[in-house]
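Sequence order for the protein chains is C and V. The numbering of the first sequence is this note's numbering, which starts it at 1 and goes up by one. The numbering of the second sequence is this note's numbering, which starts it at 769 and goes up by one. These notes are about the structure you will find just below.
Protein chains: 2
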Amino acid sequence: MSSRFTFNATDAHIIELSKYRQIAFPKNYRKPVQIGIDIGGSLAKVVWYSQNTNSYAATGGRLNFTKFETENIDKCIEFLKEIIKKDNETINLPHRVLKATGGGAHKFNKLLNEELNVIVETEDEMECLITGLNFLVHKIPYEVFTYSESEAEPMVFEEKVIDEEELYPYILVNIGSGVSIIKVTEDGKLERIGGSSLGGGTLWGLLSLLTSAQTFDEMLELSKKGKNENVDMLVGDIYGEDYSKIGLKSSTIASSCGKIFKKKPEERKEFKEEDISRSLLYMISNNLSQIAYLMAQLHQVKRIYFGGCFIRGHPVIMNSLSFGIRFWSKGTIKALFLRHEGYLGALGAFLKHHGNIQEQELLGFSENFTKAERINTTAINAVGLIDIVPKLTYFPLILSDEYHPDTFDLSDPELQKYWIDTFDKNLHKMVDMALSWLHTHFLTNTDNSKSFEDIYRKHLQVLRREPNAYGPLSVRSLLILREQCLHEMGFGDIFEHVKQEEKRTALETLPNLLKKIDALPENEKLSVLIDNVLAGNMFDWGANEVHNMLQKGELNFDSAKIKVKKSEKYFNLNEFRESLELNQYHKAVIFVDNSGADIVLGIIPFARYLLSHNIDVILAANSLPCVNDVTYNDLISIIEQVTSFDKPINDAYNIYGKLMVYETGSGSPCLDLRNVSCDLAEACENVDLVIIEGMGRAMHTNFHAKFICDSLKLAVFKNASVAKTLGGNMYDGICLFEKGEKIIGIAKSKRSNTFNEILEAGRFSFSC
Amino acid sequence: MSSRFTFNATDAHIIELSKYRQIAFPKNYRKPVQIGIDIGGSLAKVVWYSQNTNSYAATGGRLNFTKFETENIDKCIEFLKEIIKKDNETINLPHRVLKATGGGAHKFNKLLNEELNVIVETEDEMECLITGLNFLVHKIPYEVFTYSESEAEPMVFEEKVIDEEELYPYILVNIGSGVSIIKVTEDGKLERIGGSSLGGGTLWGLLSLLTSAQTFDEMLELSKKGKNENVDMLVGDIYGEDYSKIGLKSSTIASSCGKIFKKKPEERKEFKEEDISRSLLYMISNNLSQIAYLMAQLHQVKRIYFGGCFIRGHPVIMNSLSFGIRFWSKGTIKALFLRHEGYLGALGAFLKHHGNIQEQELLGFSENFTKAERINTTAINAVGLIDIVPKLTYFPLILSDEYHPDTFDLSDPELQKYWIDTFDKNLHKMVDMALSWLHTHFLTNTDNSKSFEDIYRKHLQVLRREPNAYGPLSVRSLLILREQCLHEMGFGDIFEHVKQEEKRTALETLPNLLKKIDALPENEKLSVLIDNVLAGNMFDWGANEVHNMLQKGELNFDSAKIKVKKSEKYFNLNEFRESLELNQYHKAVIFVDNSGADIVLGIIPFARYLLSHNIDVILAANSLPCVNDVTYNDLISIIEQVTSFDKPINDAYNIYGKLMVYETGSGSPCLDLRNVSCDLAEACENVDLVIIEGMGRAMHTNFHAKFICDSLKLAVFKNASVAKTLGGNMYDGICLFEKGEKIIGIAKSKRSNTFNEILEAGRFSFSC
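So this is what it looks like as C-alpha cells:
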C-alpha cells in the first residue's frame, strides 16, 4: 500500500496576511519537514509536516498522512528519504530528528537511523496514541462520531462542545493487529489497562486462510454480502425462541462459527465465504466491544473511543462495534469513532516535535478534504489533510451555545440528492470561469480545470454514497469543498475579472445614487436603501439562476430593483426603523456579500446612512476569494476609491475611524459564526447591531441565528428550493429584524470556558 | 457419540444394611428411573438415576452420565426410550417426568414429550448449572482442582474445606458451544452476568475448516504439537524486545494469527495446521479467561469456576485457561476446574426431581471410577458414576482440620511408579482369588475375572499417564479402586473361603490362648497381648509378601510371633502401660484389620484385657468385604461364637454392653477418618482411647494422625518400601502410643461448621 499523496515541493508564492503573521507560519517562516511515524505489527503510519505550496493557502503548514505495510518497511523508508532529500534542498539540518513510536520504533531503530541519517527518537506508544487523540478531539471539527445503522442517519457527529470534565476519564481501544486499551484521566495520566490479542491481525489472518479474499477491502466486501446466521449458532437455533428470562434474543449469537462443526466433515466445504467473513467480523468486533465495555465499567468510564487501523472507516466494522457497546451497556454507552482513527500514534509522535504546547496553542488546525485519503474507497469517514491555520474564535454576540450555522438539516436523503445534483449540474459554470481565469492569466495548462472538475465530482460521488463522510452534509460544506478544490488545483480568484468589471461600473454609478438618496425625504431614505441592498444582492454569480442572467448581461441594477419583491413573511423594516429612531445603536457590523453593485450600490450607501445616525460601522468581508464575493482586499480598494469622492465616507473611514473594514477569516460564501477572525471578534465586543447580508450568510446559514443584540438579515431568495422551504417566493427580498436577547452574562461565561480550547477550527473548515 | 455405559437392569440381590435403611435406598426401596437432560447447541448431556443392581453395593441408587450430539438427538431419544422401557417393566408410572434444561429443552420439548411419552418439565438453564455445581462442590470429593503445567504437579485438588463465606460469591464460566458467565451470591441468588459467543463451537468450527482434524480429540492432539509463535504475532515480533514499560513480555501474544496476513497469499498455505490449532486454542482460552477475570473484578469475586463441555478435562485447554487467569489477575486468582464440568446443567436438571432438599441431605454421594467415562481418552480428569451412599461423617476425635488420611505423598513420580507397578505386578493374585471365588460359588463365567483384570489394568494405565486423574494418587486410592473394580464386575467377598478357614482355626486356638494369658503375671500380660496383636496382624492376604507365605501355608501364629520384631523407633508400650495403670481410660475404640488370627488371637484378647480394666471397648470393622479384612458381619459372628465359651466377653457383649461392635461405613483396607458411619461417630463421642490396627489403617493412612485423646497404633511393616520410608525394617511391629492433645473446644466447633455439609463423601470414596 503506498500513499495516494505525493509530496509536492514545487515552490509557490504564499499570500501574505500580515495580521496573522504572528500566529500563523508566515511567508518567510520556514519549518523543516517534521515526521512522526508509528510502526505497528502490520502497518507503518506516517504523519509529516510540509510547507504549504499552494498560492491560496493562508498559512505555511500542512499535515499529511499516509501508511505502508510494515512488511515492506523499505518502501516506507524510500518515501521518507524522498521527503527528507527534498527538504534538504532548502534547509540543511545537521541533526534531523525522526519521532518514532510503535513496536517498530524499537525494532527498526537502527535501520531508520542508518538509512535516513536521522536521529530516531523513540516515543512511548501509549503516550503518542493519547497525544494524537487529544489533539484530534480538541482541534479537528467533526472528528468524533457515533455510528449506528439502525438509525435513519447512521453517522452522527459529536457536535456538542464537551467540557473537560465530561471528556475525562475516557478509554481508547486502539485496534491494530492486536489491541491496546488505554485509560486517560483528567490529570492527563494514562494507563494501559488491558488489551486483547484478538484484533485486526486475527480477522485478516483467518479470513485470508478461509476465503479467497486477499485484501482488507475484498474481505470487507465479502462480509457485507454475508449472512452470519448461516455460520453462527444463534440463541434461536438452540432455544428455538428467545431466552427472554436472561434477555437473550433469538437472534443473539450464541456461538460464533458454531454451526460449522455440527455439519458432517464433507459438508463443511459448503459454508459460504461471505457468511464466514461476516461471522468472523462480528466475532472480533463483538468481543472487542465487550472487553471495552467491561473495562469501561470497571474503571467507571463513560466515553469509549475506538481507534486504530482495523476500523478503517468501514461501516460494517463500526456498526458492529457500536452494536456491541450498545448491547453490552444496554444502550447506556455509545462507541465513539474518530475520522483519523488510524493515525493517532503517528500524529502523537509528530506532535512530540512540538514539545512546546504553547506553540500548538497559537495555531488553529483545519481539515482539508480536497485530497481526502479515501476518496476512492467505500469508506465513509474520509481523512483529509490538516492545514495549520490562524486561530479563529467564536463571534461574541451569538446568543446560544446551541448555535449552529446551517439553516437546513440535510438529513433527508431527497434534500441531500437535490443539493448534490444542483452542485453537480452547475459545476460546468465554475469550470468555465476557471478556464477563463487561466486564460486571463496567460496560463495555458487547462488540465488544472479538468482536475478541479474531476476531483470535485469525485467528492460529490463519495457524498452521494455517504452524505456525512466529511462531516454533516450542508450547502455550506458543498460550497466550501468546491472552493477548496479550486484552490488546491492552483486556481486563484477566478471571479477577479468579473469583480473588477462590476466594481468599475458600480463605482461610476455611485456618486449619482448617493446624491439621489441624500435628496430623499428623511422618512423615505431607509426604505430605498434597503431596496438597493436587496437589488444589489441580486448580483450573485454564485446563485445559479442569477449566474445565467448575469452572463447574458440580462441584469442591471434597475431591472434588479424591479425583479426583487418584498417578502410577505420576512419583512419587518418598520420595526427596525422604530429602533433606529430611538437612537438605540452605537456600533453595527455588516457581514457583506458580493462585490460590484451589491457592495457599492447596496451596502455602502446603507452604511453611510447608519454612520449619519452616529452609528459606527464595521464592514466584515471574506479573507479569501470565493465566487464573486467581495474580499477584504477588494473592499479596502473599493472604500479607498469611495473616499476620493464622498466626504462622509472619507471622514468616517480616514478621519474618525467610525467606518472600519475587517476580514472574517473565512473563504466561504456562507458564514460560520463559531469561527471568525480574532480581530473581528474583538472589534465586535461592543457592537449592538448585527447585519448579515446575502443568501449564503443569511439564508443557507444563520437564518435561525439568535444574537444578544438586535439583528437584521437582508437577502434575496435566489434558489427555488430554499424559497419553498422557508416559505417565500423566488426573488423575494427579506428584511428580517429581530430584537436581541440580552443575557450576555450567561452566554459569555459559558462560552469562554470552552470555545478557546475546543472550537478554534480553521478558516477553511466547513463545519466548525 | 454414544454412551460407553450400557444400562444394566439385570436383577440382583442387594445387601441389606439395616442400619442405613432410613437414609440409604434400602433393598426394597424402589425409585423410578429419573432423568435430567441438558440439551445445548452441540451436545445433549444426560444424567440419570438407576437402581443399583450390584450385589455388593451398599445402597440402591446410582447416577450415570452420558452425552450425545444434539445434531443426533434421535440417538439420545432412543437411549432414553430404552431406559424408560426397562423401568416400565417394574414400575409403571402414569405421569413420568423428564427434567430438561438448555436451549434444546425448549426446542425439542414437543419431540421429547411425544417420543418418550413423558411430561417434559423445562428447568431454567442457569439455575440448573448452579444447582449442579453446588451439588458437586459440596458432595463430591476432589471435584474441584487447579491446573498449571508450570508446577511440578499440575493438577492440584482443592482439599481444604471451604467455608460458605469463602465460597460465595463465585462465578461460573460455562463453556459449551457458546459461553455463559453466572454469578452466585451467598443467598443463593444467581445472575447471568454475561457471556461470549467465542466458545467451543468457535474453536471446533474454525479448526474443522482450517485443519484436517475432524474430531475434538484430533484437534487437541494437533494443538499439543503446535507452536503458536509460528502463527501469532508476539510482542517481540513487533518490538524486537519486551515492552517492559507496560509489562508486556516479548513472548506475549500481541495478535492471534497475526503473522498470517503478513505473508504473501501464496505463502499462507505453508502455515502448519498444528501451529494454527494451538494459536486458536490459546486465542479462545485467553479471551475467555480475560472476560472471566474482568467479570470477576467487576463483581468482586475471587472464585472462578470453569465448566462446560469445551474443557473436557484436556490439559492444554485447562492450562491455557489457568494461564490466562493467572496472567490477567497477576497471579491473584486461580482458575478452578471441575471433574464433572460438562454435566452441571444435566445434573442440576436431575436434582430438580428432588425438589425436597432434605431428601438429598440425608444421603451421601460418592464417586465410583470403575466405569469412568474417559477411561480410554487422554483426558486427565475422569468422570465416574456417582453412587448414592449413606451419609458418613467426620470421626469426632481427630485433632486437626488439617487431618489427611494418607501418610505418603505420592507426588514423587518414582513413588507413583513404584506403587502402580506393585499393584500391577500383584494383580494376578487377586485374579486367582476371584477365580477361586467363582469356582466356590459354582459360577462358571470366568469372563468376569478377566474383565476385572482388564478394567483395573486400564485404570492403572490411565494413572501412569495422569497419576491424579481420579483425585490425588495414594496407596489408599489404588486399593479402593481395586475393590471397586471387583465389586463392579460382580464379585462378592472373594476371601470368604480363606476367612472362614482362618476363623475356624483361630477360634479353636482361642480358649487355650486366653487361659495362658489369664495365667500370666499381671505386669507381663500387656506385652504378650501386644505381641499377639502384631503376630496376628501378619495374617494379611492383602500384603503381597505375606500373601505368598500364607498361600504356601508357611505361616502360623507361632512362627509369626517369631518373625515379628519390635520396631526400635516406634515402640513405646511402656508409656501406654503407665497411662493404663493410672486408670485414665473409660472407653476405647479399636479399628480392626484382618479376619482369622488377627481379630481372634490378637484383638479379642487385647480387648478382653481392656475390658478387665473397666474400659468399654468398641470394635470398629469394615462394612463391606475387602481382601481378608474382617467385616462387620464377620465380626458379629466371631464375637457371638466367643461369647459361647468366654464369660468375660459374653458378659461385656451380651449383658453389660461394654463390648460393642460397629461398622465403619468403609470397604477399604485403609481408613479415612473424615468418612465414618454416623453411628460409629456418635458412639465414639466419649471415647478416650483410639486404637488403630494394621498396615492399611495405621501406616498407609493415619500414621501421622493426631487425636484429641490418647491413641495407640499397632501394625507390622509388611512392605519394604513403607518400612524404608518410615525408618523401620521389614516385619518390625510398631506400637506407637501418643498422648492426646485435648483442645476439644476448638477442634469440635471448627469442624461442626463444615464437615456435615462438605465432607460427607461416600463409603466407596477413596479420597475423602
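Where a beta carbon is used, it is the ideal one built from N, C-alpha and C, also for glycine.
First through last residue of the alpha helix (DSSP H) which encompasses residue i
i	result
C:A44	Not the alpha helix (DSSP H): C:A44 falls in the beta strand (DSSP E), residues 43-51.
C:S477	475-488
V:T1020	Counting along the chain, V:T1020 falls outside any alpha helix (DSSP H), and DSSP gives it neither H nor E.
C:Q551	544-551
Under 9 Å by beta carbon: chain V residues contacting residue i
i	result
C:F323	Within 9 Å Cβ-Cβ: nothing; C:F323 doesn't reach chain V, min ~13 Å.
C:N286	S964, S965, L966
Rounded C-alpha distance that separates residue i from residue j
i	j	result
V:E1035	C:M219	18 Å
C:E149	C:L601	51 Å
V:H906	V:A1356	32 Å
V:S1363	V:L1302	13 Å
V:V767	V:F913	Given that chain V is displayed from residue 769 to residue 1536, the structure contains no residue 767 of chain V and the question cannot be resolved.
C:G696	C:S527	23 Å
V:L831	V:I908	12 Å
V:K1284	V:S1436	34 Å
C:N614	C:R464	51 Å
V:N1087	V:L1056	13 Å
C:E685	C:A607	19 Å
C:T631	C:F591	11 Å
C:A296	C:L399	36 Å
Classification of residue i by the beta-carbon crowding that lies within 10 angstroms, buried from 16 upward
i	result
C:P521	exposed
V:F1537	The structure shown does not extend to residue 1537 of chain V, since chain V is modelled only from 769 to 1536, so the question has no answer here.
V:H1108	buried
V:F1210	exposed
V:S1012	exposed
C:D540	buried
Residue i: first and last residue of the uninterrupted beta strand (DSSP E) it sits in
i	result
C:K641	Here the sequence assigns Gln to residue 641 of chain C, which means Lys is not the residue at that position. Note, C:Q641: premise wrong, no beta strand (DSSP E); alpha helix (DSSP H) at 632-643.
V:G829	829-837
C:I589	With the sequence shown as reference, residue 589 of chain C is identified as Val, and Ile is not the correct amino acid for it. 587-591 is the extent of the beta strand (DSSP E) around C:V589.
C:C735	732-738
V:S1391	First-last for V:S1391: undefined, no H or E at that position.
V:Q1268	Element bounds for V:Q1268: not the beta strand (DSSP E) but the alpha helix (DSSP H), 1264-1287.
C:L582	Taken as a continuous stretch (DSSP letters only), C:L582 belongs to no beta strand (DSSP E), as it is neither H nor E.
Contacts of residue i in chain C (Cβ-Cβ under 8 Å)
i	result
V:R1036	S208, L209
V:D1000	S197
V:T970	S255, S256, C257, G258, M283
V:D892	K245
V:G808	I238
V:S945	M233, I238, A254, S255, G258
Interface partners of residue i on chain V, CB under 7 Å
i	result
C:Y239	G871, H874, K875
C:G188	Per Cβ cutoff of 7 Å: no residues; C:G188 is ~17 Å from chain V at best.
Proximal chain C residues relative to residue i, where beta-carbon distance stays under 7 Å
i	result
V:D1043	The contacting residues do not exist; V:D1043 stays about 12 Å from chain C at best.
Residue i beta carbon near the ligand MG (any heavy atom closer than 7 Å)
i	result
C:T215	What this structure holds is no ligand at all, so the ligand MG is not there to describe.
Proximal chain V residues relative to residue i, where beta-carbon distance stays under 8 Å
i	result
C:E71	K1030
Task: Complete alpha helix (DSSP H) runs within the segment 658-686 of chain C (minimum length 4 residues, chain order) - done: 678-683
Task: Segments assigned alpha helix (DSSP H), at least 4 residues, entirely inside the segment 1032-1116 of chain V - done: 1041-1066, 1083-1096
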